[in-house]
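Offset between the sequence shown (1-based) and the numbering used here: plus 44.
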Amino acid sequence: MIRRLLIAAALAPIGMGAQTPAAAPQAVPPGLPIDRVVAIVGDQPVLWSDVLTSINQRRAQGLQLPTDSVGQATLAHTVLGELVDEEMLVQKAKEMKLEVTDADITAGADRQIKSVRAQFSSDDDYRAELKKAGLGSPEEYRKSLIEQYRRQNLQQKAFAELRKKAKPVNVTEEEVTAAFERSRADLQKRPATVTFRQIVVAPKASPAAKAKAKAHIDSLLVEIRKGGDFEQIA
């Protein structure tokens with residue numbers, strides 16, 4: 045609840061300010077002073093530039109940005125919420141004195157860079173697109189990715205430790221039923237439907253059965269060749 049209030053308060057100017065940054069999460073022109081605090085986790089601020097950087101990284105990985113302002117603002121809110129969740133886990137990892145090594149993160153970052161680089165025919169095109177996407181130079185992009193992978197590893201380790209310490213929750217059938225009844229009004233009604241299904245079982249004859257059937261067919265063929273009545277034989 046506190047996290048949602050912080051995000052709502054921090055993002056309130058997004059929809060009202062003249063610049064409307066949430067409606068335009070595009071590449072950031074160099075030197076443009078747009079940074080500001082949009083959320084606080086513990087004593088760590090989350091900046092608007094952090095949101096833009098995360099969006100730009102996703103663009104580099106193939107994310108298609110919404111074309112309407114509502115969709116762009118929704119994307120910005122979603123990304124900010126994820127960044128807040130991530131920062132909470134990172135801080136928990138530090139509190140638990142969890143660490144990651146360079147070997148844990150550089151290989152993954154370099155694979156990501158290789159995948160992105162393969163989409164361009166030349167280094168010049170690659171550099172130009174990184175700059176256009178607000179990701180800086182290839183060196184800056186790699187540094188940013190390594191930091192991102194470091195944080196992801198810390199989050200995974202913190203989450204794993206928290207799961208070990210968490211008590212299992214037993215949900216009773218009565219609780220499931222009560223939850224269903226509370227949300228019944230919000231559930232969409234489905235029209236009555238009839239479903240037909242066919243089960244086909246392919247018989248498989250044994251070698252002995254096949255041999256017996258062949259012998260019977262051969263005997264019938266002999267009778268027909270002798271001039272026997274086909275209808276009676278069949």
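For each residue, glycine too, the CB sits at the ideal point set by N, CA and C.
- Exposed is the label assigned to Thr221, since fewer than 16 other Cβ atoms lie within 10 Å of its Cβ.
- Residue state for Leu174 is assigned as helix, using DSSP reduced to three classes.
- As the crow flies, the alpha-carbon of Phe164 is around 16 angstroms from that of Asp154.
- Per DSSP, the beta-bridge partners of Ile84 are Pro89.
- For Thr118, the enclosing alpha helix (DSSP H) has its first and last residue at 113-139.
- Between the alpha carbons of Lys208 and Pro251 lies a distance of about 56 angstroms.
- Contact between the region 192-202 and the region 146-153 is present, with at least three C-beta pairs closer than 8 angstroms.
- The beta-carbon separation of Leu198 and Val123, rounded to 19 angstroms, does not stay under the 8 angstroms limit for a contact.
- When DSSP states are grouped into helix, strand and coil, Asp79 belongs to the coil group.
- The Cβ-Cβ distance between Glu131 and Val85 falls below 8 angstroms.
- Rounded to whole angstroms, the separation of the alpha carbons of Ser188 and Gln135 is 19 angstroms.
- In the DSSP annotation of this structure, the continuous segment of the alpha helix (DSSP H) that includes Lys209 starts and ends at 182-209.
- Sorting Glu183, His121, Glu267 by C-alpha distance to the C-alpha of Val95 places His121 at the top.
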